[in-house]
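Q: Per the UniProt record's numbering, the very first residue in the sequence shown carries number 1; after that it's consecutive.
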Amino acid sequence: MFQWLFSGTLAQTWSVWYRDRDRITVICASKGSSVVFDCIYSYPANQRVGRKIWFTPRGDTKQDGSQLGDGVFNTSGLTNKSRYSGRTEFYDQDNNCTLKLNNVTEDDSGRFFFRFEANTSNQPPQGFTGSWGVDLTIPVLSLKLNENGPVKERDHVTLACTSTCNPPQMEFLWFKDGRPLPGVSGVHGGQYRLGPLSPNDTGSYSCGLGKGTSTPILLDVRYAPRNVSVKVSPSHEVVEGSRLTLTCSNNANPAAETYTWFQRTGTLTSLRLGMGKEHTFHEIDSDDSGLYFCMAQNAVGSQNSTEQEVKVIGTATLLYFLYLQKATLSRPEDIYENMKWSAKPITDPDDMNYAELNFRPAPSPR
């Protein structure tokens, strides 16, 4: 493709030409891909070409190619940097000086130059470096969310992936929590739309070009409290004067900030009891029997729990119940039910325990 350059006297001059003759050749390539640095060179007919070198300025060396930097490829094979080992292909034919660099990484970003050496008989070699050079850029990807502020359930958002350069004919890839998004093989334009959002969309998102990926960003979908419930401890039925605790639980993002407790007083009315994740009756009263529920609230919204019934058994009711239970012990077998023989015979009177038994006479038959 460059043969036209050698018409006339041009082939008799010292020259190196890259793809773009009058400016720096710029190449953008994705991580892991292969790039080709197109190059041709010429020299006077009386010269004999020796060593051919591709190099990149590094560190304190000048970036204009006037100083040799790190060796990328050297026909002598002596000064190549190890990081380029096995990744270069040199098209050494006629006046072709094209180099192919495989599996490029971010560390390969920079300026590349071709230099060759030639001499006449019995003369020291003379070197010539092609000016301008080839500028290789491996794109750095960044991902942004087009929302200012919290993202809520049922919102619509757009993820925008930008690159420091745009490789030709490349599609953006999209990932959630490090795994490719299902049904998304490639998206042109670097934008990916989501919505209406649900809590399941929460995750770490990133975009990619080739083998390169952006720094992940967190999509945090916020939602109002849900699955609000009340736990009654120790039981839904307690004795008057006992301690009883109601605990409000829920799922929310962000976590619920306030909890409010209510007692149902009518079909459409309720009494507000207080605030806090827990509500405790230190000495519950029989008048406290009833239906209770809590309301959990965060910055997104609120939700009420289902109602829980609490029954308080009064002291008088409990004593009457115990009396009835005791009164049923009228049969002899009830009296002796808990009496057992001693497993060890008692021979010493001091080892005996005495108790007084009072027997209520059976009612007279009528």
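Built from N, CA and C at the ideal position, the CB exists for glycine as well. Since the model is a prediction, treat every value here as computed from it, not as a measurement.
Once you ignore the five residues that flank E240 on each side, which residues in its own chain have a CB closer than 7 Å to its CB?
A: Result list for E240: I284, D285, S286, V312, I313, G314, T315, in chain order.
Q: Among the candidates F128, A45, T162, V36, whose CA atom is the shortest distance from the CA of Q67?
A: Checked all of F128, A45, T162, V36; the closest Cα to Q67 is F128.
Q: Determine the closest residue to S302 out of T269, A255, G266, K62, with distance taken between C-alpha atoms.
A: Comparing Cα-Cα distances from S302 to each of T269, A255, G266, K62, the minimum goes to A255.
Q: So, with DSSP's three-state summary, where would you put I335?
A: Note that I335 scores a pLDDT of 45, beneath 50, so its modelled location is shaky; the value from the coordinates is reported in the next line. Reduced to three states, the DSSP call for I335 is helix.
Q: Run through DSSP, which three-state label would S214 get?
A: In the structure shown, S214 sits in coil (DSSP, three-state: anything other than H, G, I, E or B).
Q: For S229 versus S305, is the C-beta spacing smaller than 7 Å?
A: Yes, the pair counts as a contact, with Cβ atoms nearer than the cut-off.
Q: Between the alpha carbons of Q126 and D135, how many angstroms are there, rounded?
A: In a straight line, the C-alpha of Q126 is about 25 Å away from that of D135.
Q: Have a look at R243, E309, A118, V221 and flag the residue whose alpha-carbon is nearest the alpha-carbon of F262.
A: Minimum Cα distance to F262 is reached at E309.
Q: Whose C-alpha, out of V157, R272, T137, is nearest the C-alpha of K144?
A: Closest by alpha carbon: V157.
Q: So, at 8 Å on beta carbons, what are the nonlocal neighbours of M170 in its own chain, with the 5 sequence-adjacent residues on each side left out?
A: Excluding residues within five positions, the ones whose Cβ falls inside 8 Å are S30, L209, G210.
Q: Here's the rule I'm using: 16 or more other beta-carbon atoms within 10 Å means buried, otherwise exposed. How should V238 be labelled?
A: So V238 ends up on the buried side.
Q: Report the CB separation of F112 from G130 in whole angstroms; it is logged as a contact under 8 Å.
A: Their Cβ separation, rounded to whole angstroms, is 10 Å, which puts F112 and G130 out of contact at 8 Å.
Q: To which residues does DSSP link A118 through a beta bridge?
A: The partner list for A118 (beta bridge, DSSP) reads V49, Q126.
Q: In terms of residues, what are the limits of the beta strand (DSSP E) holding T158?
A: Here the beta strand (DSSP E) through T158 covers 157-163.
Q: Whole angstroms are fine: how far does the CA of G133 sit from the CA of R23?
A: Approximately 8 Å, taken between the alpha carbons.
Q: Which whole-angstrom value is the C-beta distance of Y192 and L159, which I expect to be below 8 Å?
A: The pair is a contact, with the Cβ atoms about 5 Å apart (cut-off 8 Å).
Q: On a Cα-Cα basis, can you pick out the residue from N74, P168, N95, L291 that is closest to T13?
A: The option with the nearest alpha carbon to T13 is N95.
Q: Name the residue from K231, E106, G149, Y43 whose alpha carbon lies nearest to the alpha carbon of N250.
A: If we check each option's Cα against that of N250, K231 comes out closest.
Q: By how many angstroms is the C-alpha of R51 removed from the C-alpha of G86?
A: Rounded to whole angstroms, G86 to R51 spans 19 Å at the Cα level.
Q: So who's on the other strand from T25, going by DSSP bridges?
A: T25 pairs with V134.
Q: Considering only residues of the same chain and omitting the five flanking positions on each side of V35, which have a CB-CB separation below 8 Å?
A: Answer for V35: I27, A29, K100, L101, V104, L136, listed in chain order.
Q: Please report the Cβ distance between F175 and L181, rounded to the nearest whole angstrom; I am assuming they are in contact, meaning their Cβ atoms lie under 8 Å.
A: About 7 Å; that satisfies the 8 Å criterion.
Q: Note down the Cα distance separating D20 from C97, rounded to an integer number of angstroms.
A: The alpha-carbon atoms of D20 and C97 are separated by roughly 14 Å.
Q: Regarding L101 and the ligand ZN, is the C-beta to nearest heavy atom distance less than 6 Å?
A: The ligand ZN is not part of this structure, which contains no ligands at all.
Q: Find the nearest neighbour of P196 within the set Q93, R222, P168, S109, judged by alpha-carbon distance.
A: The candidate whose alpha carbon is nearest that of P196 is R222.
Q: In whole angstroms, what is the alpha-carbon distance linking H282 and S198?
A: Roughly 41 Å separates the two Cα atoms.
Q: For N146, which residues of its own chain have a beta-carbon under 7 Å away from its beta-carbon, when the five flanking residues on both sides are left out?
A: Correct list, in chain order: V157, T158, A160.
Q: Rounded to whole angstroms, what is the Cα-Cα separation between Y43 and T25?
A: Approximately 22 Å, taken between the alpha carbons.
Q: Less than 7 Å separating the beta-carbons of T265 and M295?
A: No, the pair does not count as a contact, with Cβ atoms beyond the cut-off.
Q: Rounded to a whole number of angstroms, what is the C-alpha to C-alpha distance between N178 and T56?
A: It should be noted that the sequence gives Gly, not Asn, for residue 178. Each residue's alpha carbon lies about 34 Å from the other.
Q: Report all residues from its chain with a CB closer than 6 Å to the CB of C39; omit the five preceding and five following residues, and keep chain order.
A: Contacts found: Y18, C97, T98, F114.
Q: Which residues bound the beta strand (DSSP E) around W17?
A: W17 -> beta strand (DSSP E) spans 15-18.
Q: At the level of alpha carbons, what is the spacing between Y292 and E307?
A: Looking at the two C-alpha atoms, the distance is approximately 5 Å.
Q: Are the CB atoms of V72 and Y41 within a distance shorter than 7 Å?
A: In this structure, V72 does not lie closer than 7 Å to Y41 by Cβ.
Q: With a threshold of 16 other CB atoms inside 10 Å of the CB of H236, please say whether the residue is buried or exposed.
A: Exposed.
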